[in-house]
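Everything below concerns the one structure shown next.
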Amino acid sequence: MRLYDCATVIRSKNAGPFTLTIDLMFADENILNKVLNSPSFNTRQIAGLYNVSASTVRIHAFKQVLAIKVVLPRSFASSGAPGDRDVYGSQQHFPLGDIDIAAGVADRK
Amino acid sequence: MREEIGFLSICGMLGYGYPLQSLQRGMSSNVAFLGADNGSTDPGPYYLGNGTGFVKSLQIKRDLEPALLAARKHNVPLIIGSAGGSGAKPHVDSFLSILLDIAKKHNLHFRLAIIYADIDKHTVLQAYSEKKITPCGPVHELTKERISKCNRIVGQMGTEPLIDALKNGADVIIAGRCCDTAIFAAFPIIQGFEPGLALHCAKIAECGALCAQPAGANDSLSAILRKDHFIVEPANPTRRCTPASVAAHSLYEQPNPECFFEPEGKIDMSESKFESYGERGVKVSGTRLITAAKTTIKLEGTELKGYRSIAIAGICDPIAIMNVSKIEREVTEVTGKNLRGIINTNDYSLRFLRYGIDGVTGYGKKSPDPLPREIGLIIEAIAPTQELADTVLSLSRSTMLHQSFPGRKTTAGNLAFPFSPSDFQGGPVYEFSIYHLMETEDHCRLFPIAFEEV
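Residue numbers (the numbering used here), protein chains in the order written: chain A, 214 to 322; chain B, 5 to 458.
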């Protein structure tokens, strides 16, 4: 199942000109836990998708409000600098949204 | 000390509009002051770099006029932070001219405090040499050269300069670049309210009714601060706050939902409690301020990187779409050769944004399969002068129109231009080259206040 289809909200935005933050919100705790426990949802996988190093990616679970926050640096350019493609960072929830949550360890490259 | 203090956040961004009824309703309860944020770095470095606002003057006038009239009618302070957008002198000055026009039109008289936020380059260089500057997030290390190349630097003031202005009897405060929280926390802090709660309340309030359901940054939010908690409630009766909507708001645009940092210190929300209050309000308690050992302010500085020209085109020919990367490579090469003697290839950049393939995500690991029926294309040139950018673009655009590729059937032209002229000047291009924290011992000295009797 695609992460995009599991989430009720999946949004990205700048947190300052050098950082992207992607919020994921879920309908219930089961789905939230399924995402958190999925072997395809971790800092290493996300870092690969966004061309950044895994040590710069943070995943915060915020269970009170059934949300997960992913924070990572902008790999391509800071907001509005030459080379940027998304000044507000509002469409950077992909490729994250394409992660297959049901994929097991065997499916990983 | 007062038992409680009420205030109104006019909207999340002055100039983005709000219902006038919300202002009226919000002012009908006991309001000690009202305020609004007018700034952001979201629209990118151009606005700070170029000294222009991202909200048009007529939008500011529309939102400011009723707010100023309401503030004077109730004789309570009006506080605007990051005036004019990026909050540097040209922004503040253009905001002031709108304010003074409104005051003149309605024959309003008040004590005006103006707080500029421009930071002198020598101050930054001095702090740099004393190792008092650190990166704010995943930003490059600062160098002397980068500081020297900045064309404009502002600092985000905290509550202290605003507190000074209020203590000196300001009725209206127009502040340059300012922490969003300072706008709403300064007044309660003077009155002796818990700074952690005041700053958390301010953090929610600065977005207007964005924390409500339905969310609306373009609407007003009422807040009441008490000894050990605060209450937020949308002024508009069609919206309500819920514990989940307010708690979830802490996620928005923040790297960490459990805490945030201001010049005053770390605001710890890990123990915060969110409860329903009445029909549409939410009560928040348990937030604490962990005072910073040293006060730091955030610096924002921009550097001019060149001038931009762009052309917009579309392609529907399937073989041309299949070969678009190859076409781009050859256009880049031919353009470089043909520009010899005019500009060196290292001195300009040429970029192709392919909408429909990877214009947004750009990671380009694999193209969509099947390829789209049509793609949109932006050709972008950035060069040291506008004339050179225009030239690089013009040459690459005409080359691309006629560039040959394997199996080409569309031999009369590869590109559909929607407009004549096809090329547009984008003007100067800037980059945030300073986004760093600077330690300061005398916060107020950096942000001098000027008073004027209007």
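Backbone N, C-alpha and C fix where the C-beta goes; we use that ideal spot for every residue, glycine too.
Chain B has a Cβ within less than 7 Å of the Cβ of Tyr301(A).
Pro165(B) sits buried, since 16 or more C-beta atoms from the chains shown fall within 10 Å of its C-beta.
Residue environment for Ser254(B): buried (at least 16 other C-beta atoms within 10 angstroms of its C-beta). Closer than 7 Å to the CB of Tyr439(B) there is at least one CB belonging to chain A. Going by C-alpha positions, Gly85(B) is about 17 Å away from Ala36(B). Exclusion of the five residues before and after Ala117(B) leaves Ala169, Ala174, Ile177, Ile453 and Phe455 as the residues of its chain whose Cβ lies within less than 6 Å of its Cβ. Only Phe275, Gln277, Val278, Ala280, Lys282, Val284, Pro286, Phe289, Ser291, Ser292, Gly293, Ala294 and Pro295 from the stretch 274-296 of chain A bring a Cβ to less than 7 Å from some Cβ of chain B. Contact annotation: Val143(B) and Tyr434(B) have beta-carbon atoms that are not nearer than 7 Å.
Gln258(A) has a beta carbon lying at 7 Å or more from every beta carbon in chain B. Per the C-alpha coordinates, the member of Lys309(B), Gly19(B), Ala213(B) and Arg115(B) positioned closest to Gly296(A) is Lys309(B). For the 7 Å CB-CB criterion, Gly89(B) and Val96(B) do not form a contact. Within the same chain, and ignoring the five residues on either side of Ser44(B) in sequence, the residues whose Cβ sits closer than 8 Å to its Cβ are Met17, Phe58, Ser86 and Gly89. With fewer than 16 other Cβ atoms from the protein chains shown falling within 10 Å of its own Cβ, Glu275(B) counts as exposed.
At a cut-off of 7 Å between C-beta atoms, Thr365(B) counts as an interface residue with respect to chain A.
The contact set of Asp236(A) on chain B, defined by CB atoms closer than 7 Å, consists of Leu255 in chain order.
Looking at the DSSP output, Glu435(B) sits in a beta bridge with Glu307(B).
Chain B has a Cβ within less than 7 Å of the Cβ of Phe307(A). Against chain B, a Cβ distance below 7 Å from Phe231(A) picks out Gly141, Pro142, Val143 and Tyr439. Assignment of Ser371(B) by DSSP, reduced to helix, strand and coil, places it in the coil class.
Chain order gives the chain A residues near Tyr50(B) as Gly293, where near means a beta carbon separation below 8 Å. For Cys263(B), the uninterrupted beta strand (DSSP E) run begins and ends at Cys263 to Glu266, by DSSP.
Note that the C-beta distance between Thr299(B) and His447(B) is below 7 Å. Take Pro247(B), set aside five residues on each side of it, and the residues of its chain with a beta-carbon closer than 8 Å to its own are Phe278, Glu279, Ser280 and Val286, in chain order. Nearest to Asp427(B) by alpha-carbon distance, out of Ala206(B), Glu307(B) and Ser400(B), is Ser400(B).
Residue contact with chain A for Glu134(B): absent (no Cβ-Cβ distance below 7 Å to any residue of chain A). Within chain B, the C-beta atoms nearer than 8 Å to that of Asn227(A) come from Thr45, Asp46 and Glu257, in chain order. The bridge partners DSSP lists for Leu225(B) are Ser13(B) and Pro238(B). By the CB criterion at 7 Å, Ser266(A) and Ala260(A) fall inside the cutoff.
Sequence-distant Cβ neighbours of Arg344(B) in its own chain, meaning closer than 8 Å and more than five residues away, do not exist here. The continuous alpha helix (DSSP H) containing Tyr50(B) extends over residues Tyr50 to Asn54.
Every unbroken stretch of the beta strand (DSSP E) spanning 3 or more residues and falling wholly within the stretch 219-277 of chain A is given here in chain order: 222-227, 232-238 and 271-275. Out of Ile281(A), Ser268(A) and Phe231(A), the CA that lies nearest to the CA of Ile244(A) is found in Ile281(A). Residues of the same chain with a CB within less than 8 Å of the CB of Val158(B), apart from the 5 flanking positions on each side, are Leu52, Ser90, Gly91, Ala92, Ala121, Asp122, Ile123, Gly180, Arg181, Leu303, Glu304 and Gly305 in chain order. For Val176(B), the secondary structure class from DSSP, reduced to helix, strand or coil, is strand.
Taking a cut-off of 8 Å on C-beta distances, the stretch 217-226 of chain B does not touch the stretch 196-203 of chain B, as fewer than three cross pairs fall below it.
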